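Protein chains in written order, with the working numbering: chain A, 1163 to 1311; chain B, 1163 to 1311; chain C, 1163 to 1311; chain D, 1163 to 1311; chain E, 1163 to 1311; chain F, 1163 to 1311; chain G, 1163 to 1311; chain H, 1163 to 1311; chain I, 1163 to 1311; chain J, 1163 to 1311. One structure is given below, encoded as C-alpha cells.
10 protein chains.
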Amino acid sequence: MTPIMTRSDAAELVVAARVRRGLSWHEIAEQIGAAPVWTTAALLGQHPLSAEQAGRVCELLGLDGTVAESLQRQPSRGADPARMADPTIYRFAEALAVYGPALKELIHEEFGDGIMSAINFRVDVSRRPDPDGDRVVVTFDGKFLDYKW
Amino acid sequence: MTPIMTRSDAAELVVAARVRRGLSWHEIAEQIGAAPVWTTAALLGQHPLSAEQAGRVCELLGLDGTVAESLQRQPSRGADPARMADPTIYRFAEALAVYGPALKELIHEEFGDGIMSAINFRVDVSRRPDPDGDRVVVTFDGKFLDYKW
Amino acid sequence: MTPIMTRSDAAELVVAARVRRGLSWHEIAEQIGAAPVWTTAALLGQHPLSAEQAGRVCELLGLDGTVAESLQRQPSRGADPARMADPTIYRFAEALAVYGPALKELIHEEFGDGIMSAINFRVDVSRRPDPDGDRVVVTFDGKFLDYKW
Amino acid sequence: MTPIMTRSDAAELVVAARVRRGLSWHEIAEQIGAAPVWTTAALLGQHPLSAEQAGRVCELLGLDGTVAESLQRQPSRGADPARMADPTIYRFAEALAVYGPALKELIHEEFGDGIMSAINFRVDVSRRPDPDGDRVVVTFDGKFLDYKW
Amino acid sequence: MTPIMTRSDAAELVVAARVRRGLSWHEIAEQIGAAPVWTTAALLGQHPLSAEQAGRVCELLGLDGTVAESLQRQPSRGADPARMADPTIYRFAEALAVYGPALKELIHEEFGDGIMSAINFRVDVSRRPDPDGDRVVVTFDGKFLDYKW
Amino acid sequence: MTPIMTRSDAAELVVAARVRRGLSWHEIAEQIGAAPVWTTAALLGQHPLSAEQAGRVCELLGLDGTVAESLQRQPSRGADPARMADPTIYRFAEALAVYGPALKELIHEEFGDGIMSAINFRVDVSRRPDPDGDRVVVTFDGKFLDYKW
Amino acid sequence: MTPIMTRSDAAELVVAARVRRGLSWHEIAEQIGAAPVWTTAALLGQHPLSAEQAGRVCELLGLDGTVAESLQRQPSRGADPARMADPTIYRFAEALAVYGPALKELIHEEFGDGIMSAINFRVDVSRRPDPDGDRVVVTFDGKFLDYKW
Amino acid sequence: MTPIMTRSDAAELVVAARVRRGLSWHEIAEQIGAAPVWTTAALLGQHPLSAEQAGRVCELLGLDGTVAESLQRQPSRGADPARMADPTIYRFAEALAVYGPALKELIHEEFGDGIMSAINFRVDVSRRPDPDGDRVVVTFDGKFLDYKW
Amino acid sequence: MTPIMTRSDAAELVVAARVRRGLSWHEIAEQIGAAPVWTTAALLGQHPLSAEQAGRVCELLGLDGTVAESLQRQPSRGADPARMADPTIYRFAEALAVYGPALKELIHEEFGDGIMSAINFRVDVSRRPDPDGDRVVVTFDGKFLDYKW
Amino acid sequence: MTPIMTRSDAAELVVAARVRRGLSWHEIAEQIGAAPVWTTAALLGQHPLSAEQAGRVCELLGLDGTVAESLQRQPSRGADPARMADPTIYRFAEALAVYGPALKELIHEEFGDGIMSAINFRVDVSRRPDPDGDRVVVTFDGKFLDYKW
C-alpha cells in the first residue's frame, strides 16, 4: 500500500521548501495563476488544488508525488485553535470581538436580514503607505445571502 | 446614591430607541460626526463617547442622563462568546479560521515580523453591486507594527 | 423610557400563552401564513417577524404591544448550549456526529467542493406512518453553494 | 503478535485508495449492497462491516487483510470535534442551533413526549434541481420513541 | 398577562414545601400513582406531569395554580453541570467512567450492535441489607435498541 | 532496558486477540474466576490483575509477557472523554443527567446524608426478556457511606 | 407561599452577621459543639445542620427562621470554580497538581488498591510556630477504602 | 546529537523498573536521603534531582545515563488533568471543593490575610490504625505568607 | 436583617462615584496613604481595606456605610475571565504567553528552583517619556521563594 | 527531501545542549548580542533568529544545520496552556488576575484610552537584594498605543 501524506504534513513540507528555494508566496501564486491569499491558504491545507496546480507547485519546490497527491485531497477546513492565539492572527479575532456586533447591525441596515457568505468569498491583503507608518489593509468580500425560506 | 447603568443596559436602550425613532445607525453616526462602524460599536458598548457625543445621541433618541453618563464610561471591551455564534458574525470567524494562517504568512512576507494593529485601526463595511448578487465588503485597516525590542 | 422586552422573555410568554389558549404551533403558523418550523423558530427568538405577523400572533395569544415590538427585533441567533443536551434535540446532534463526515463526503461527490446553505434553507418535520412504529422525518433543504473565489 | 490497525487509520487508507482507484462512494455502496450514507459512515469508522462487506471493499480498493479486520471491529462512535468546525459540516450544526428547539416543540406537538431515534434511523442525501441553484436535500428519518417508564 | 413560573422555580418550591409538610418523596409518589424515581425526577423538572398529577401534588403541598401549571409544562431535560459534581451524584459518573466501556463491550456481546434506550427506560433505587453495611442498589432498565438502518 | 507497554496499548491488543481467538468476555471472565464486568473493565485498563490472572489471560489470548506485566500495573482510572460520547455509553450519562438529582434525593430519604460507594461497589449487566423487546438491565450496587466526621 | 432562601444566600448572611457581631468561626463552632472546619463548611453551604444547630447559630447571629430553615436543607455540595482560583484556595490545588500522583503511589504502596474516603473524613487546620515563620498545617484524615467487588 | 529523554518518559521507566526490581518508594527515598512524598513526586517528574540523587536512583533501578540526565532537568510542574480524575486523586479534589472555602476562612481567622505557601511546603502521608478501618492521614504543611505590599 | 452589598457592587459604585466627583485613582490612593495599584485593586474588590481606609474612601466619594462595610470584607480574589479579554489587559496575558517560559528559565538561572511570590509582592505602573512615543512601564516586584521541603 | 525540524523540537535540543555545555542563557545572549529575555524566548520558539544568530548558537551548542534552519523559521507564537500552570509561571498569571483590572484603570488615567503594546515591547528580569530575602523584579516596558480610528 502506497504511503499517505496528511494535508498538514504536506503543508509543513511546502513551508520549509519555499524558504529553502527562496520563493515568495506571491511568486508561487503567480505560477499557478491564483490569488495570493487563496494560494497560501490552499497550500497550508484549506483548499484542494487541481492536479495541474499541485504538480506545478511540487515542481517549483522540488517536492515529490506524495505531496502532490496530498495537495489535491479535499481537506477538513479550519485552524488549530492554538494557532489562533498567535499575535498576528489574534488581532483579527480581537477586532471581530470589538466590531463584530456592529458589523452585524450595519449589514442588516444595508442589506436586510442575512449574512456575508464565507464561501462565495475572497480576501485580499495589501500595504497602504502612510506617513505615520504603513498600514495593513485586509478586505473581506463576500456575496450577501439573505435569509430565505 | 444616584443609580448606575451598565454599558450593556445602555446599549439595549439605544438599540430599542433607535428602532422606535426610525433612525439608522448611519444617521446617528452623521449626527455625532464619527464613522458608522465606530459609532455603532461605541453605542453597543465598545468605546467611550465624549460628553458631547453622548449628549447628542441621547437627545436624538429621547434617552435620559443616566444613559448619557453610561455611554461616556470606559468600557471593558470584547463580545459575549454566545453572540459570536450568530451566523452573521460567525462567517467572519469562519473566514478567519480558513484564511488566518495565510494572512499571517502574507503579512510577514510583505512587512516582516509583526502585526496589524487592532488599536490604530479602522474598519468599514460597504455594498458592492454585482450582477450575481451584491456583495458585502468589509475592510480592516490597521497600522503595521513590527516586533521591536 | 418605555420598557424593553428581550426576545427570550417574549418567547417564554408566547410558549405559556399558547398552552393556555390551547393553540397548536401549526394553527399559529397558518394564521400568519408561514411554515410551521419557521414560525416556531421565529417565536422562540430566531427570526424577526414582520409587524403584521407580530401583531397577529399577539392578538391570537392575548399578548400586548411590548411583546409585539420584541418579536420584530432582529435577534442574535443560536441556541443556549444547555438546551442542546435535551434528549429530543441531542439525537440530532448525535446523528450529526455519526453521519456528518459522511454527509460531507457525499456532498462533495455529488456537487463538488462547497456547502449546503443554512441561510437559503428550509427545514420540515413530518410523521411517516410505519407498522413498526411511526417515524419522525426531518428534511433539511438548502441551496448548494460552491467555494468560489 | 499480528499488527493491529485502528479504525481511523483504516479510514484514511480507504479514503486515499478510493481516490486512487477512481471509485465513487456510491459505487462502493452498490458493491456491498448498502445505502450510500451508511456505507460512507461505516468506512469512515462509524459502523462495523460484516466480514463479507469488509472483504469486498478491500478487494475493490486493493487493501489487505489488516484493513479488512479493522473494518469489522465494533467502533467507538462519534466525530472529532475539530472536524465539526469544517464549514460543510458546520452548517448542519448551525441549522440545529437555530431550528433545534423548534423541532423539539413540533415533535412533541405531533407525537407527544419523546424523541426521534438516532439508532433505528436512516439518513439520505440527494440533489434537487432548482432554477435558482440546485439544492442539497438531507432527510433524517428515525422511529419515534415515546418516554415510557 | 398572568405570571409564568419556570420549572426550576417550581422545583425549588416543591422541595421546600415537601420538607415543611413532612412528606416523603415516596408518599408523594404513592399519591399520584407513579414510581418514586419518576415522581421525584418529574417534580425536579425532568418530566411533564398530567393536570391531575400536578393538581394532586399542589394540593398535598399547599402550592398554588401557578406551580401546577408549571409542572405540566414540557421541560428542557438535563442537569446543571454544577450539580453533577455533588459527591452523591458524582459517584455514579465515576462508576460510568470506570465501567462504561466495559458495559458497552458486554451489551454488544449479549445483544449485538445497539444501545440501552434511555427513553423506554426506568430506574429504581432500593436498600439491600448487608452485615458489612447496607447497600444502595440502583437498577437501570431500558429496552435494547439495535442499530437498524 | 526492557520495553514498557502502556495499559491502553495492552487493552488494544487484548481486544483484537479476543476477536481473533473467538473468545467472549464471559469466557475469559470464567477462566480467571472473576465477574464479567470487572474482568472486562480490568482488561480495558481500569483494574490491576493479579500475576496469575494476567498470565492466564495472556495464555488464553496468545499474548506475551510484556502484556502480562502491563496488566498487573496499577492503572490511572477513568475514561477518555471522547469515548463517553459513544451512543451506547452516552445513554447512561443521559439517564444520569435526567435522574441523578432524583437518585440523590431518594438516597438521602432512605439512608440519610451520604453516598453510594463507587469503590466498595459492583455492577452487573443482564438481559431481561420482554415481549415488547428484550431489555438491558444494569445494576449498580455499592455500600452506603454516610457523611461521618 | 412562604419565601425560600437558597443555601448560598444564607451563607452570605451568616458571613456578614458573623463580622458584625464580632464572632469567630471557632466561637460559633464551640457553641454548636462541632469541629471548626465542619462548622465553617456547613455554614458556607456544604452540610445540613440539625434543627438545634441551625437555631443556635441564628440566635447567636441575630438571623431569622428563614435562614435557620435554609441551613437545615440538604445541600448540593461543591464549590464555585471561580472561587477555586482565589490564591488562598489555589495553593491547595497547586499542591495537589504537584503531589497528587505521588500521594496515589504511596497510598497504593501502604494500603493496596483503594482510596482515602472523602465522606468518612475529617480535616483540621492549625498553626505550627516556626522561627522562620509560622506554618499552616492542614490534615486530611479519611478512612481507607479498598477496591472491593 | 545525543538523544534526549523527556521527564515523563523517564518517569514511566522509573515506575516500571521499580516494580521489576521489587523496590518500594520508601526504600528509594531512604537511599537518596529524601522524604518519601518528595522523592516520589520528583521521580514522577515534579522536581529536579541532584546529580548524585539521579545517579543513585539509576544505579538502584538499572537505568542508564539518559534517564539520569533527564531526572536532573528542571521540570515544568503540574499534572495532566486526565490523571486528576483517577478516583484515588479525585477524592482530594473533592475534599478541596467541599472544604476549600472553609479552609480559607479559618486561615484568615488564625493568620490574617494571606496564604499557605505551596513552595516552602511539605506533605506527608501516613497510616493511622483505627478499629473501624485504618485511615489515610495526609498532612499539608506550608509556611504562612501574608499579603504584604 | 441589614442589607449586604457584594464587593463587586461596591466596586461599581466606587467607579461611578469617582468619575462623578472628578477624583483620580492617584488622589484617592494619596488620601488613604497607599500605593496607587494597591488602592485601585483593593477598591475593585481584590483586597480588604481597613475600617479607616474604607471610611475615608466613602467620605471622599459620598458613599454610605453599606459600601464601607463591604470594602472591609475579605474578598475572594481573581478576575472575571471575560475581563481578561479586554485588549488593555489582554496584552499582558499575551506577553506572558510569549515570554513566560523564558522568565521561568531566567529566574531558575539567577535564583535556583523557585518562584517570584505573588503575595509578598508589589506592582507599579509608570510613564516613561520616549521620543518615539511614551511608554507604559509596569514593574512586578516579588520576593523570591525557593522550593524548600 | 531534507528533514524538517519543528521549532519545539529545536527548543528541546537547545535546552539540553545548553545544560550539557554548561552555558548560561546570559552567556548565549551575550554571544549573539541580544537581550537575555529576548534570546531565551527566541530559542524556546517565540522569535525567528537571524541566520547569523542561529549559526552562532548552533556553533556554541554543537548543534547541526537542521536546528539552525529551524531557529530562523517564523514561529507561531504563544505558550502551551499546560505550561502556564507551572507554579513559576502561574504566579505571573495570578498577579494579572488580581491586578490586571487595576492596571487598566491606571493606564487609562495616565495615558487615556489605549493599551501597552506587546509588540513594541521589552521585558527584563533582575534580582534586587533585600535583607528580608532577595526579590525578583520583572519589568514590562511597551509603547503606549492610543485607540485611534
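No residue lacks a Cβ here, since even glycine has one placed at the ideal position from N, Cα and C. Computed from a prediction, not measured in an experiment: that's the story for all the values here.
Residue i versus chain F: which residues are under 7 Å apart at the beta carbon?
i: G1276(G); result: I1281
Look at the alpha carbon of residue i and the alpha carbon of residue j, and state the distance between them as a whole number of angstroms.
i: G1224(I); j: C1220(G); result: 33 Å
i: T1202(D); j: A1259(E); result: 30 Å
i: S1288(A); j: H1209(B); result: 27 Å
i: D1286(C); j: E1271(C); result: 25 Å
i: S1186(J); j: L1205(J); result: 13 Å
i: M1167(G); j: L1211(G); result: 15 Å
i: A1257(D); j: G1184(C); result: 29 Å
i: A1196(H); j: A1213(H); result: 14 Å
i: Q1236(E); j: H1188(D); result: 42 Å
i: D1248(J); j: D1248(G); result: 17 Å
i: P1293(D); j: A1191(A); result: 35 Å
i: F1302(I); j: R1253(J); result: 11 Å
i: V1181(I); j: V1298(B); result: 40 Å
Near residue i, what residues of its chain come up, given a Cβ to Cβ distance below 8 Å and the 5 sequence neighbours on each side ignored?
i: A1273(C); result: Note on residue identity: the sequence assigns Phe, not Ala, to residue 1273(C). Hits under 8 Å: F1306 and D1308.
i: A1179(D); result: L1223, G1224 and L1225
So, at 7 Å on beta carbons, what are the nonlocal neighbours of residue i in its own chain, with the 5 sequence-adjacent residues on each side left out?
i: S1170(E); result: G1207
i: G1304(C); result: M1278, S1279, A1280, N1282 and F1283
i: D1296(F); result: R1289 and R1290
i: I1194(B); result: T1201, Q1215, R1218 and V1219
i: P1165(I); result: T1228
Among the options, which one has its Cα closest to the Cα of residue i?
i: L1268(A); options: Q1234(B), L1233(B) and I1251(B); result: I1251(B)
i: A1173(E); options: V1299(E), V1298(E) and V1229(E); result: V1229(E)
i: M1246(F); options: V1176(D), A1247(D), R1245(D) and R1239(D); result: R1239(D)
i: P1198(H); options: G1276(G), D1292(G) and L1265(G); result: L1265(G)
i: G1276(J); options: V1177(J), R1253(J) and W1311(J); result: W1311(J)
i: P1243(G); options: V1176(G), A1255(G), Q1234(G) and S1232(G); result: A1255(G)
i: L1233(A); options: E1189(A), L1175(A), R1253(A) and R1182(A); result: L1175(A)
i: P1263(J); options: G1262(I), A1241(I), D1294(I) and Y1261(I); result: A1241(I)
Can you list the residues of chain C that residue i reaches, using a CB-CB cut of under 9 Å?
i: P1249(B); result: R1239, G1240, A1280 and I1281
i: L1307(A); result: S1279, I1281, N1282, K1305 and L1307
Tell me which residues share the same chain as residue i and place their Cβ nearer than 6 Å to its Cβ, disregarding the 5 neighbours each side in the sequence.
i: V1300(J); result: V1287
i: E1231(G); result: none
So which residues of chain B does residue i contact, with C-beta pairs closer than 8 Å?
i: P1210(J); result: D1275
i: I1166(C); result: E1174, L1175 and A1178
Mind listing the chain H neighbours of residue i? Cutoff is C-beta to C-beta under 7 Å, in chain order.
i: S1186(G); result: E1271
Since residue i meets chain G, which of its residues come closer than 9 Å, beta carbon to beta carbon?
i: Y1252(F); result: Here the premise fails: no neighbours, minimum Cβ distance about 23 Å.
What residues of chain J sit near residue i, judged by a beta carbon separation below 7 Å?
i: R1245(A); result: S1238
Which chain G residues are close to residue i, counting only those with a beta carbon under 7 Å from its beta carbon?
i: R1284(F); result: W1311
Can you pull the chain E residues whose beta carbon is under 8 Å from the beta carbon of residue i, in chain order?
i: G1197(D); result: Per the sequence shown, the amino acid found at residue 1197(D) is Ala instead of Gly. The answer, in chain order, is W1311.
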